[in-house]
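The numbers in this note's numbering rise by one with no breaks, and the one at position 515 of the sequence shown is 1090. Before any comments, here is the structure.
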Amino acid sequence: MIDAILKLSLRYRIFVVFGMLVFAAFSLWMLPSLTIDVFPDTTPVQVQINTYATGLAAEEVERQVTFPIEQEINGMPKLNQLRSLSKFGLSQVTVTFDDGTNIYFARQQVTERINNAVLPAGVVKPTLGPVATGLGEILHFMVQPVSPETSLTDVRTFFDWVVKPGLRKVPGVAEINAWGGEKKQYQIRIDPDRLITYDISFEQIVDAIKSTNMNAGGSNIERGTETLIIQGMARTKTLDEIRNIVVGIKKDIPIQISDVAVVMVGNDSRLGAISYMGKGESVMGLGFMLIGESSNTITHRLKDKYEIIKAGLPKDIKMDIAYDRTELVDKVIGTVRGNLFEGGLLVIAVLFIFLGNLRAGIVVATAIPFSMFFAFNGMMAFGIAGSLLSLGAIDFGMVVDSSVVLVEHLMRRMGEEGAEKRNRLELIYEAAMEVRMPTLFGELIIIIVYLPILTLEGVEGKLFRPMALTVVFALVGSLILSLTLIPALASLLLPKKMSHSEPIVVRLAVWIYKPILKLVLRFRIAAIMMVVGVSLVAVMMARSLGSEFIPKLSEGAIVINIFRPVGTSIQEAVRYNTKLENMVLAAFPDEVKRVWSRLGSPEVATDPMGPEETDFFITFNPREKWTKAKTQEELIGLVDRLIKPLIGQEYSFTQPIEQRVNEMISGVRADVAVKIFGDDFEVLKKKAEQVEQILKNIQGAEDILVEPVSGQPVLQIKLKQEQLAIHGLAAKNVLQHIETLGGQPLGEILEGEQRFPLVAKFPDNLTSRPEAVGALIVTSASGEKIPLAGIADIQEIRGPSRISREWGQRRITIQCNVRNRDVGSFVTEAQKQIKTKVSFPTSRYRVEWGGQFEQLAAAKSRLAIIVPISLLMIIFLLYLTYRNMTDTL
576 MIDAILKLSL RYRIFVVFGM LVFAAFSLWM LPSLTIDVFP DTTPVQVQIN
626 TYATGLAAEE VERQVTFPIE QEINGMPKLN QLRSLSKFGL SQVTVTFDDG
676 TNIYFARQQV TERINNAVLP AGVVKPTLGP VATGLGEILH FMVQPVSPET
726 SLTDVRTFFD WVVKPGLRKV PGVAEINAWG GEKKQYQIRI DPDRLITYDI
776 SFEQIVDAIK STNMNAGGSN IERGTETLII QGMARTKTLD EIRNIVVGIK
826 KDIPIQISDV AVVMVGNDSR LGAISYMGKG ESVMGLGFML IGESSNTITH
876 RLKDKYEIIK AGLPKDIKMD IAYDRTELVD KVIGTVRGNL FEGGLLVIAV
926 LFIFLGNLRA GIVVATAIPF SMFFAFNGMM AFGIAGSLLS LGAIDFGMVV
976 DSSVVLVEHL MRRMGEEGAE KRNRLELIYE AAMEVRMPTL FGELIIIIVY
1026 LPILTLEGVE GKLFRPMALT VVFALVGSLI LSLTLIPALA SLLLPKKMSH
1076 SEPIVVRLAV WIYKPILKLV LRFRIAAIMM VVGVSLVAVM MARSLGSEFI
1126 PKLSEGAIVI NIFRPVGTSI QEAVRYNTKL ENMVLAAFPD EVKRVWSRLG
1176 SPEVATDPMG PEETDFFITF NPREKWTKAK TQEELIGLVD RLIKPLIGQE
1226 YSFTQPIEQR VNEMISGVRA DVAVKIFGDD FEVLKKKAEQ VEQILKNIQG
1276 AEDILVEPVS GQPVLQIKLK QEQLAIHGLA AKNVLQHIET LGGQPLGEIL
1326 EGEQRFPLVA KFPDNLTSRP EAVGALIVTS ASGEKIPLAG IADIQEIRGP
1376 SRISREWGQR RITIQCNVRN RDVGSFVTEA QKQIKTKVSF PTSRYRVEWG
1426 GQFEQLAAAK SRLAIIVPIS LLMIIFLLYL TYRNMTDTL
């Protein structure tokens, strides 16, 4: 088959060259559609289920919401991992499927299962997270007030009803999430004292509003040739209309809402907050791209639409982009492009020098761009993104290897005596066939070298497999070119008579090598022993080499994960973050470009933190502008020293993409995660503290953090069933009063296309003090007025702040980063110490390791099998080449 391809390529060489030029033109035309990103998309097929249970504590969320959903999800086809997080008011269940599962099939299966879950009344229907990758967070932008007169409510309203709908229309965008600000809300602030004065019950107010704030249809009336639609309208539109709603009549005098409550525009309870550039609070928008899209393309589309919206901003609002993924992508791809270009030039220069013939150098050099075209087309066909790992793996030396051997051998044959008298095409054919099998086996051996990487699965496979495939595509292209284009070009471009003399560089190399070769042949036993000795030393040194899973990439930005005491208020955390932003900006004016912090959770809980948790972002100016540090690691050290004196917080350093990759691997944001499973929280906390102390004494451990699972201040109101029975009260009615402390939904108020919730609440002075809550009056069916403290035990306790589960079992995580040491040796040492120093009461408690090490271990176990098989395949190919086991070895 090979000889037939060679003959056809030489016979129809003009058509071969023309066909390759058409292929090159097609490749250049298709090249802009190649997906470009910093890293390959390592996102597993994952579905997030978010369920809001307003007012429920973490344990109640776990028991009443998370557990029923987990029960329904368990046993799903292709289920790979199931983990969950329960915290105040929120349940998040993360479902991971086997690789290759269609994401929309997975979401459909999850939707069908959760529809069967039996959840308590008042819990919002579970919703699925956006159809986005773990690395889909591609754009952060700020919407800010220009002056103090513009409130955060105004800014958030503008974001929700102008900015967000406009950006969500962009093709390829999965979600525009909102973080921070204050959501507008129509509030009826009920005065308990006035309820007593007017003898009005809480239930009367709720019923009056729900029965008034509505519209109705009355079918239609046929009138001659017309049909009249009957429309009954009672929906309230203004504050005055709400105030005028009648809730009762006393002595023939109507009692209105305004008599027993204050009707006002207020704000919903806040989930999170954003501070930016040390200037106070802002509203942040996060742009997410759909799975399978190009981050570079979608980010540019988003920014184009962003600029259109920005051009039409009102005078009291401004916008600014804080984080733009394309900045890093452009920088990385620019580096790769420069390296490829410089590498190509260097290879071409070496070709010209060692071949000693300009035409021969041109023939061989054509293999470089055409092999790249084969690689690009293969990447597009298999959906591989052009990234630092995939494009950076291409070695031009390997790409031109077969072409160099072919052309160099052809030059030697054409330089032989009488070669110019022979048929040119026959000579080229003979020369090509003489070296074809050795070069073919050589290329196959190189491909087999990458075979172990191609067998990797999971996150490690998605990360490194694109690199191996890209190299294989280029090598296959090189093989095809050496059978087609290179012989055709050689027949057209090489002169009929070649020089017998070697290039001066080759002659110099031979002059140096000859005496060395004679010496080695004379003392061959000693030479063999020396090689064996060096090999043994290399093997021994290799055993002590460290191991890392993911190479570190300087992203031009860092994230400081800050953890404060559980129960820290949003206002206090914002004040602290703003102070920290100003400190960083003042200390590093030449290094820092932007700084902002986000705490709590966004509207769609893609990152469900509490108010005590902060992601502190710092983006950097170009490195040439820096004056206080030369490297990112050095700058991190300076920032560490700056914030370390601040008391009351723990923190760890990471980077935006690195953080998301670590979260995808095991749900944590650090290099290494020690996960302790068990049932009793007190036991878990105690064992976690022991592990923390062990890690602190191991070299390389940095940013050690124990998952904050307890310490949440809770005002527990436990109803007394016997007292409820004595007073004829239903628990539901009493709990309705408790719900109103935070805000009980009663309907919506429409303002054109905008709609805002209408809620009933008690005044702030009632909810600001625990003793005031006990004085809240509950009215029985007989009209008796009973204080809440008379029918309930009210006490302040410390409860769980969050409950993490994996495969239905509770766990606590101790995470840490590893610096100035490889992850593999660090974990090996830590495992030995934890195994000997930490004991567990029962078999229900166990330790598992996560983070990067989890994938490193999985990759090692697979490579331990595949690498020996690959070596045997290489030996077999060498044997086919030499037909002699001695020469093979």
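Note that beta-carbon positions come from the ideal geometry of N, C-alpha and C, so glycine has one too.
Legend entry - Sufficient close CB pairs (3 or more, under 8 Å) joining the stretch 1056 to 1067 to the stretch 663 to 680: With fewer than three CB-CB distances shorter than 8 Å, the stretch 1056 to 1067 does not count as touching the stretch 663 to 680.
Inset, instruction - Give the DSSP-derived three-state secondary structure of V693 in the structure shown. - result: Within the sequence shown, the letter at position 118 stands for residue 693. Residue state, collapsed to three classes: coil.
Legend entry - Distance CB(L1002)-CB(M989) smaller than 8 Å: Counting from one through the sequence shown, the residue named residue 1002 turns up at place 427. Counting from one through the sequence shown, the residue named residue 989 turns up at place 414. For L1002 and M989, yes; Cβs fall inside 8 Å.
Inset, instruction - To the nearest angstrom, report how far apart A1049 and I969 are at their CA atoms. - result: The residue you call residue 1049 lines up with position 474 of the sequence shown. The residue you call residue 969 lines up with position 394 of the sequence shown. Looking at the two C-alpha atoms, the distance is approximately 8 Å.
Inset, instruction - Give me the Cα-Cα distance between K1102 and G1108, rounded to the nearest whole angstrom. - result: Translated into the one-based positions of the sequence shown, residue 1102 becomes position 527. Translated into the one-based positions of the sequence shown, residue 1108 becomes position 533. Looking at the sequence provided, one finds Ala at residue 1102 rather than Lys. Their backbone Cα atoms lie some 10 Å apart in a straight line.
Legend entry - Any non-hydrogen atom of the ligand SAH closer than 7 Å to I784 Cβ: Inclusion of the ligand SAH in the displayed structure is not the case, the ligand content being empty and no account of it being possible.
Inset, instruction - Have a look at P1338 and N752 and give me their C-alpha separation to the nearest angstrom. - result: Locating residue 1338 in the sequence shown gives position 763, counting from the first residue. Locating residue 752 in the sequence shown gives position 177, counting from the first residue. Taking the straight line joining both Cα atoms gives about 31 Å.
Inset, instruction - Could you tell me the distance, in whole angstroms, from the CA atom of F1192 to the CA atom of T1202? - result: Taking the sequence shown and counting its residues from 1, one reaches residue 1192 at position 617. Taking the sequence shown and counting its residues from 1, one reaches residue 1202 at position 627. Taking C-alpha positions only, F1192 is separated from T1202 by approximately 20 Å.
Legend entry - Proximity below 8 Å, CB of L1294 to CB of A1367: What you label residue 1294 is simply residue 719 of the sequence shown in a count that begins at 1. What you label residue 1367 is simply residue 792 of the sequence shown in a count that begins at 1. Yes, they are a contact pair.
Legend entry - Best match in G1425, L1155 and V1170 for proximity to F1252 [C-alpha to C-alpha]: Locating residue 1252 in the sequence shown gives position 677, where the first residue counts as 1. Among G1425, L1155 and V1170, the Cα nearest to that of F1252 belongs to G1425.
Inset, instruction - With DSSP as the reference, please indicate the residues paired to Y761 in a beta bridge. - result: By one-based count along the sequence shown, residue 761 stands at place 186. Y761 pairs with V840 and L1333.
Inset, instruction - Starting from the Cα of V670, find the closest Cα among Q831, Q646 and N788 and give me that residue. - result: Sequence index remark: in the sequence shown, residue 670 carries index 95 (1-based). For the residues Q831, Q646 and N788, the minimum Cα distance to V670 belongs to Q646.
Legend entry - Start and end residues, beta strand (DSSP E) containing T1194: The count along the sequence shown starts at 1 and reaches residue 1194 at position 619. Note, T1194: beta strand (DSSP E), E1188 to F1195.
Inset, instruction - Sort S661, F951 and V837 by Cα distance to L603 and report the nearest one. - result: For the purposes of this step, residue 603 is identified with residue 28 of the sequence shown, where counting begins at 1. The candidate whose alpha carbon is nearest that of L603 is F951.
Legend entry - Environment of F971 [buried if 16+ CB atoms lie within 10 Å]: One-based indexing of the sequence shown puts residue 971 at position 396. Looking at its Cβ environment, which holds 16 or more other Cβ atoms inside 10 Å, F971 is buried.
Inset, instruction - Would you kindly check if the distance between the Cβ of E1282 and the Cβ of I1387 is under 8 Å? - result: Mapped onto the sequence shown, residue 1387 falls at position 812. Mapped onto the sequence shown, residue 1282 falls at position 707. Annotated as proximal: I1387 and E1282, with beta-carbon spacing under 8 Å.
Legend entry - Paired residues, beta bridge with N795 - DSSP: Here residue 795 is taken as the residue at index 220 of the sequence shown, counted from 1. In the DSSP assignment, N795 forms a beta bridge with I804.
Inset, instruction - Let me know the beta strand (DSSP E) ranges lying completely inside the stretch 935 to 1016, each 3 residues or longer, listed in chain order. - result: Here no run is fully enclosed.
Inset, instruction - Express the C-alpha separation of T1189 and D895 in angstroms, rounding to a whole number. - result: Taking the first residue of the sequence shown as 1, we reach residue 895 at position 320. Taking the first residue of the sequence shown as 1, we reach residue 1189 at position 614. Computed Cα separation, rounded: 21 Å.
Inset, instruction - Closer than 6 Å by C-beta to T676: which residues in its own chain qualify, once you throw out the five before and the five after it? Chain order, please. - result: Residue numbering aside, residue 676 sits at position 101 when the sequence shown is read from its first letter. Cβ neighbours of T676 within its own chain (closer than 6 Å, five residues either side excluded): V620 and K653.
Inset, instruction - Kindly identify the DSSP beta-bridge partner or partners of F895. - result: Along the sequence shown, one-based indexing puts residue 895 at 320. Checking the displayed sequence, the identity of residue 895 turns out to be Asp instead of Phe. D895 pairs with M717.
Legend entry - S1379 (DSSP reduced to helix, strand or coil): Within the sequence shown, residue 1379 is the residue found at index 804, counting from 1. It is a strand residue.
Inset, instruction - Kindly list the residues whose CB is nearer than 7 Å to the CB of A632, restricted to its own chain and excluding five residues on each side of it in sequence; keep chain order. - result: Counting from one through the sequence shown, the residue named residue 632 turns up at place 57. Contacts found: F663, V1289 and G1374.
Inset, instruction - Tell me where the alpha helix (DSSP H) around P643 begins and ends. - result: Position 68 of the sequence shown, counting from 1, holds the residue named residue 643. According to the DSSP assignment, P643 belongs to the alpha helix (DSSP H) that extends over F642 to I648.
Inset, instruction - Given a cut-off of 8 Å, decide if L1160 and G853 are closer than it, judged by their beta-carbon atoms. - result: Your numbering for residue 853 matches position 278 in the sequence shown. Your numbering for residue 1160 matches position 585 in the sequence shown. Going by beta carbons, G853 and L1160 fall inside the 8 Å limit.
Inset, instruction - Look at V1112 and A1276 and say whether their C-beta atoms are less than 8 Å apart. - result: In the sequence shown, the residue the question calls residue 1112 occupies position 537. In the sequence shown, the residue the question calls residue 1276 occupies position 701. The criterion of a C-beta distance shorter than 8 Å is not satisfied by V1112 and A1276.
Legend entry - Check whether L763 and K1336 have beta carbons under 8 Å apart: By one-based count along the sequence shown, residue 763 stands at place 188. By one-based count along the sequence shown, residue 1336 stands at place 761. Checking the sequence, you will find Ile at residue 763 rather than Leu. A distance below 8 Å separates the beta carbons of I763 and K1336.
Legend entry - Helix, strand or coil at A674 according to DSSP, with G and I counted as helix: Reading the sequence shown from its first residue, position 99 is the one you call residue 674. The sequence as given places Asp at residue 674; Ala does not occur at that position. D674 sits in coil when the DSSP states are folded into three classes, being neither helix nor strand.
Inset, instruction - From the DSSP output, in three-state form, read off W1201 for me. - result: Here residue 1201 corresponds to residue number 626 of the sequence shown, with the count starting at 1. When DSSP states are grouped into helix, strand and coil, W1201 belongs to the coil group.
Legend entry - Residue from L657, V685, V640 and V748 whose Cα sits closest to the Cα of V698: On the sequence shown, position 123 is the one that residue 698 refers to. If we check each option's Cα against that of V698, V640 comes out closest.
Inset, instruction - Thinking A960 and T610 are a contact (beta carbons under 8 Å), I'd like their distance in whole angstroms, please. - result: Walking along the sequence shown from the start, residue 960 turns up at place 385. Walking along the sequence shown from the start, residue 610 turns up at place 35. Yes, A960 and T610 are in contact; Cβ-Cβ is about 4 Å, under 8 Å.
Inset, instruction - Throw me the rounded Cβ distance for the R810 and N790 pair, which I believe falls under 8 Å. - result: Numbered from its first residue, the sequence shown carries residue 810 at position 235. Numbered from its first residue, the sequence shown carries residue 790 at position 215. About 5 Å separates the two Cβ atoms, so the contact holds.
Legend entry - Cβ neighbour criterion (16 or more within 10 Å) applied to S977: Residue numbering aside, residue 977 sits at position 402 when the sequence shown is read from its first letter. By the C-beta density criterion, S977 is buried, having at least 16 other C-beta atoms within 10 angstroms.
Inset, instruction - Answer with buried or exposed for P1231, where buried requires no fewer than 16 other C-beta atoms within 10 angstroms of its C-beta. - result: Indexing the sequence shown from 1 puts residue 1231 at position 656. So P1231 ends up on the buried side.
Legend entry - Residue burial classification, W1382 (beta-carbon count within 10 angstroms, cutoff 16): Here residue 1382 refers to the residue found at position 807 when the sequence shown is read from its first residue. Classification of W1382: exposed, given that the 10 Å Cβ count is below 16.
Inset, instruction - Please classify G847: does DSSP put it in a helix, a strand, or coil? - result: On the sequence shown, residue 847 is found 272 positions in, with the first residue counted as 1. Residue state, collapsed to three classes: strand.
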